[in-house]
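Worksheet: one structure, shown below.
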Amino acid sequence: MSDLPDTDFTQRFIFDERDVRGEWVSLDESYAAVLARHAYPKPVQTLLGELMAATSLLVGALKFDGLLILQARSSGPIPLLMVECSGDREIRGMARYEAEQIADDATLEQLMPGGHLTLTIDPIKGQRYQGTVDLDGADLAECFTNYFVQSQQLNTRFWLNAEGGKARGLLLQQLPRDRQPDDEEREESWQHVVALARTLKPEEWAEGNETLLHRLYHEDAVRLFDIQPLRFNCSCSRERSGNALVSLGEQDAKALVEECGGTVEIDCQFCNERYFFDASDVAQLFAGGGTESASETRH
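Residues in the sequence shown are numbered from 1 upward in steps of one, following the UniProt record's numbering.
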């Protein structure tokens, strides 16, 4: 991957003497790449960055070939936040919003009232999984914490931050009984690591993960694993756009070209790439000629 590992990565860690694991995520270049493609209002930037951080943390916990998709939907000023991350750790994100309805100091409840969160795991091989819960929390971190409590019944806590063009996240999760067989000891241990994580200040999120973890848990034996790089990449292509037209059927595709004045424009909502198809392009698609020699893509 092209991104430097110290700018875009996840890194797991484990407490040697506690039944607790953690994961840290840092997103600079990939988050900046998403923001550079859209003029999102500040509150939208923040929520999208937090969702990207959460998605990265979840991918770090899964080992699969396929796609992890997180969608937050609502009936409010932000009807959709969406982030995708592949098993190859390529990430992209987008949002739909009503700019005139968004105040700079709006809360999650005001921006996404009555919202719900959907997690989809779409493996290349195997069965597709999807789970949905309400956006039940003061912020996205609390919503994800509640999601795990409801769906997996695991002691799990998320902390998410997206400020100054950088997205960060921290995940703590209690492991099955091993080092701490006593119930009371396990609970005290869990509350200990969570209480220290709650002391994180906004200005501290920009610090390096090792510095931050040492500051939080310098009295604990914490073992860090190798970093796992992430990078921005959009999976859109002219071929996939052509396939979307083919899925309409030849008659409807040709009618669409006429309705659009002779050229159909297909936009990627993630990266703003635009693909154009005229009547000859559509004819070529249905003749089995593909898209290689069709009309060029414009930016």
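Beta carbons are placed, not taken as given, at the ideal position from N, Cα and C, and that holds for glycine. Keep in mind it's a predicted model, so treat the numbers as computed, not measured.
Option in the options with minimal Cα separation from residue i
i	options	result
GLY169	THR107, GLU258, ALA54, ASP134	ALA54
LEU285	PHE225, LEU171, SER247	SER247
LYS63	LYS125, THR263, ARG177	LYS125
LYS254	ASN243, SER241, SER280	SER280
LEU51	LEU67, LEU196, ALA72	ALA72
ALA283	GLU265, ARG274, GLY249	GLY249
THR107	SER237, LEU196, LEU47, VAL20	LEU47
ALA167	GLY115, GLU207, PRO79	GLU207
ARG128	PRO113, THR120, THR211	THR120
GLY115	ILE78, PHE148, VAL83, CYS85	ILE78
GLU188	GLY262, VAL20, THR145	VAL20
CYS85	ALA99, GLY137, ASP182, ASP65	ASP65
LEU58	ARG89, ALA33, ASP278	ARG89
GLN180	VAL25, THR10, ARG18	ARG18
ALA134	PRO123, ASP122, TYR147	In the sequence under discussion, the amino acid at residue 134 is Asp, which differs from the Ala named in the question. Comparing Cα positions, the closest option is TYR147.
GLU210	LYS201, ARG223, THR199, ARG198	ARG223
LEU154	GLN173, ARG96, LEU216	GLN173
SER26	ARG238, VAL257, ASN161	ASN161
GLY49	ASP178, LEU216, GLU163, ARG37	GLU163
Terminal residues of the alpha helix (DSSP H) in which residue i lies
i	result
GLU239	238-248
TYR97	Here TYR97 belongs to no alpha helix (DSSP H), and DSSP marks it neither H nor E.
THR120	Per DSSP, THR120 belongs to no alpha helix (DSSP H); it is in the beta strand (DSSP E), 116-123.
PHE286	279-286
GLN127	Note, GLN127: premise wrong, no alpha helix (DSSP H); not H, not E.
LEU217	Inspection of the sequence shows that residue 217 is occupied by Tyr rather than by Leu. Per DSSP, TYR217 belongs to the alpha helix (DSSP H) from 209-217.
GLU273	No alpha helix (DSSP H) holds GLU273; DSSP gives it neither H nor E.
LEU200	Taken as a continuous stretch (DSSP letters only), LEU200 belongs to no alpha helix (DSSP H), as it is neither H nor E.
Residues bridged to residue i (per DSSP)
i	result
GLU84	ILE69, ARG92
PRO229	PHE9
PHE148	According to DSSP, which records beta bridges pairwise, PHE148 is partnered with nothing at all.
VAL59	According to DSSP, VAL59 bridges with nothing at all.
VAL222	PHE15
Alpha-carbon spacing of residue i relative to residue j, whole angstroms
i	j	result
ASP16	GLY22	12 Å
PRO229	PHE13	15 Å
ALA141	PHE158	5 Å
ILE102	CYS260	32 Å
ASP8	GLU204	17 Å
GLN269	MET94	7 Å
ASP139	VAL44	13 Å
SER2	ASP28	Only weak support is given to the placement of SER2: the predicted model assigns it a pLDDT of 39, under 50, and the value that follows is read from those uncertain coordinates. Rounded to whole angstroms, SER2 to ASP28 spans 13 Å at the Cα level.
ALA294	ALA244	The predicted model places ALA294 with a pLDDT of 45, which falls under 50 and marks its position as unreliable; any figure quoted below should be read in that light. Taking the straight line joining both Cα atoms gives about 15 Å.
THR132	LEU117	6 Å
MET82	LEU70	6 Å
GLY60	LEU68	11 Å
HIS299	ARG274	Because HIS299 sits at a pLDDT of 39, beneath the cut-off of 50, its placement in the model cannot be relied upon, and the following sentence gives the value as read from the coordinates. About 6 Å.
LEU80	ALA39	16 Å
ASN272	THR263	18 Å
ASP220	PRO202	23 Å
CYS236	ASP267	9 Å
GLN251	CYS234	30 Å
Cutoff 9 Å: residue i Cβ touching any chain D Cβ
i	result
ILE102	The structure shown contains no chain D; it is built from a single protein chain.
The beta strand (DSSP E) enclosing residue i, as first and last residue numbers
i	result
PHE64	That residue, PHE64, is in no beta strand (DSSP E); it is neither H nor E in DSSP.
ASP267	263-267
GLU23	20-27
Item to check | Entirely enclosed alpha helix (DSSP H) segments - the segment 130-195, minimum 4 residues | outcome: 140-151
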